[in-house]
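Just below is one structure, and these are the notes that go with it.
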Ligand SMILES: [Zn+2]
């Protein structure tokens, strides 16, 4: 592996990103601005996450990429091969083996450890953006802890639907201070954000923001006394591995419109099947 | 003399900076833990650990304050050659290097603004000793409690009271380092 431009980015860019990561860790949930670089992939492919991964990666790492829980989508495969090529890093699909995991829209089912770093790809880092389009105003709102409007929005959900309808990118409060967007993970994953042994880093490329959760940070999903937060999922076991408590995707399995529910985390599901667990739809 | 001053940088900058950064990040993410960090040999009295932190984080974009005994012509030359960081006073710095006594008073350093708390200084504190005893730490990054030999508990309590504003600290001693972000509660 040549030393020059290890992990694609030049050294000055990595230093700038590394400084932003440290400030993000020092103020959990606060969005640190950074000068995002052009990456050789479109924005929708997680350029923020890729830049954060490039800044933390060493040659000793085992790198895993998941896209909505799967290791084998075009997006996941191309990010994995990008770092194999530019950093000579070893890659894996097994959560337990990985030391750096870049993710789009999921947290792995298997508990993370102190030896792991989870890097989230974030499309819209500002949880207040849909309430207030101006960056100058949302910055002010965060500085003054003006989060009342956020609660009003969630409460409108309740009056309209009888429950909080927001099911992805469900806002959280970090250590009682900053309201944070956890990226479009299903709210089923929200409880895993809190008290997590791994370091969690969030990178938004187009919006040029980095934020972080140190290990064991307290993260609370916003809710109301009369409508407490519920980490809901489809009320089925996995059709392939039979597990009752993992997040499921509904997939069409034949031309007749037959459907089944399967784990969104493909590594988790595959490992369970290899251990002999069988769901009702398993061959 | 000249060549000696210019020695001591990373021999494989990208790879060594990547490894060194992981030590710094793990230390900042887990206050109270102590990591080794190697690859740099700055002129005395700067420690190898402090040298590696400077090489990893500093460049022409990061104003640096050299406090007291660390403000020598050898160290200035080494920093100019290896990082290009502009040398400034404490009120304009993004990083500072010195012993705890030389870095005083903390009120001289930028602590960020309410809208940009990240615009605050990080102090690299050279320590005669670094171990997991003394002050008790709680907060983000710490499972239950941690302990660290801080130079002065009261100063860190006052710093933490300004949260989310405040200074962040990296403690260096020989080839080891620990860190204390502003979010840590010290008692
Ligand atoms: Zn399954």
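Protein chains in written order, with the working numbering: chain C, -3 to 279; chain L, 34 to 220.
Here a beta-carbon is modelled for each residue, glycine too, at the ideal position from N, C-alpha and C.
Heavy atom of ligand 1 within 7 Å of residue i beta-carbon
i	result
residue 255 of chain C	no
residue 239 of chain C	yes
residue 268 of chain C	yes
residue 247 of chain C	no
residue 189 of chain C	no
residue 139 of chain C	no
residue 96 of chain C	no
residue 206 of chain L	no
residue 259 of chain C	yes
residue 234 of chain C	yes
residue 103 of chain L	no
residue 140 of chain L	no
residue 192 of chain C	no
residue 132 of chain C	no
residue 242 of chain C	yes
residue 91 of chain L	no
residue 281 of chain C	This structure leaves residue 281 of chain C out entirely; chain C is present only between -3 and 279.
Neighbour list for residue i in chain C, Cβ cutoff strictly below 9 Å
i	result
residue 180 of chain L	By Cβ distance, chain C contributes nothing, its closest Cβ being about 16 Å from residue 180 of chain L, past 9 Å.
residue 42 of chain L	Within chain C, no residue comes near residue 42 of chain L; the closest Cβ sits about 12 Å away, beyond 9 Å.
residue 174 of chain L	21, 24, 195, 210, 211, 212 and 213
residue 69 of chain L	Simply none; closest approach about 14 Å.
Beta-carbon neighbours of residue i, restricted to chain L and to distances below 7 Å
i	result
residue 22 of chain C	61, 201, 214, 215 and 216
residue 17 of chain C	58
residue 55 of chain C	48
residue 135 of chain C	148
residue 139 of chain C	147 and 148
Chain-ordered chain L contacts of residue i [CB-CB under 9 Å]
i	result
residue 79 of chain C	Ordered by position in chain L, no residue passes the 9 Å Cβ test against residue 79 of chain C, which lies about 12 Å from the chain.
Close Cβ partners of residue i (< 6 Å) along its chain, the five nearest in sequence each way excluded
i	result
residue 219 of chain C	225
residue 34 of chain L	In this predicted model, residue 34 of chain L has a pLDDT of only 46, less than 50, meaning its place in the structure is not dependable enough to derive any value.
residue 212 of chain C	191
residue 220 of chain L	169
residue 27 of chain C	121, 205 and 207
residue 185 of chain C	103
residue 21 of chain C	208 and 210
residue 88 of chain C	58, 60 and 94
residue 246 of chain C	255 and 257
Proximal residues of chain C, C-beta to C-beta of residue i below 7 Å
i	result
residue 92 of chain L	8 and 11
residue 197 of chain L	23, 26 and 173
residue 51 of chain L	2, 53 and 54
Neighbourhood of residue i by C-beta, 8 Å cutoff - its chain only, sequence neighbours within 5 removed
i	result
residue 5 of chain C	13, 33, 47, 50 and 51
residue 249 of chain C	255, 256 and 277
residue -3 of chain C	Legend: pLDDT at residue -3 of chain C = 48, less than 50; position of this residue unreliable, value from coordinates given subsequently. Excluding residues within five positions, the ones whose Cβ falls inside 8 Å are 55, 83 and 84.
residue 273 of chain C	237, 238 and 239
residue 227 of chain L	In the structure displayed, chain L extends from 34 to 220; residue 227 of chain L sits before or after that span and is not available.
residue 214 of chain C	170, 171, 172, 190 and 191
Spatial neighbours of residue i in its chain, beta-carbon cut-off 7 Å, leaving aside the 5 residues before and after
i	result
residue 161 of chain C	153
residue 112 of chain C	94, 95, 97 and 194
residue 196 of chain L	215 and 216
residue 148 of chain C	none
residue 64 of chain C	100, 101, 102 and 260
residue 268 of chain C	237 and 239
Amino acids of chain C, ordered along the chain, whose beta-carbon sits closer than 8 Å to that of residue i
i	result
residue 55 of chain L	52 and 54
residue 89 of chain L	11 and 14
Are three or more beta carbon pairs between the stretch 31 to 44 of chain C and the stretch 212 to 232 of chain C nearer than 8 Å?
-> no
Any 3 or more C-beta pairs closer than 8 Å across the stretch 38 to 55 of chain L and the stretch 78 to 88 of chain L | yes
Contact between the stretch 98 to 107 of chain L and the stretch 131 to 148 of chain L (3+ Cβ pairs under 8 Å) = yes
Per the contact definition of three or more C-beta pairs closer than 8 Å, is the stretch 162 to 170 of chain L in contact with the stretch 119 to 126 of chain L?
-> no
With 9 Å as the C-beta to C-beta threshold (strictly closer), list the residues of the stretch 151 to 168 of chain L near chain A in chain order.
-> In the structure shown, chain A does not exist; the protein chains are C and L.
Pair every Cβ in the stretch 105 to 114 of chain L with every Cβ in the stretch 143 to 162 of chain L, then say whether three or more of these pairs are closer than 8 Å.
-> no
Between the stretch 123 to 134 of chain C and the stretch 170 to 180 of chain C, are three or more C-beta pairs nearer than 8 Å?
-> yes
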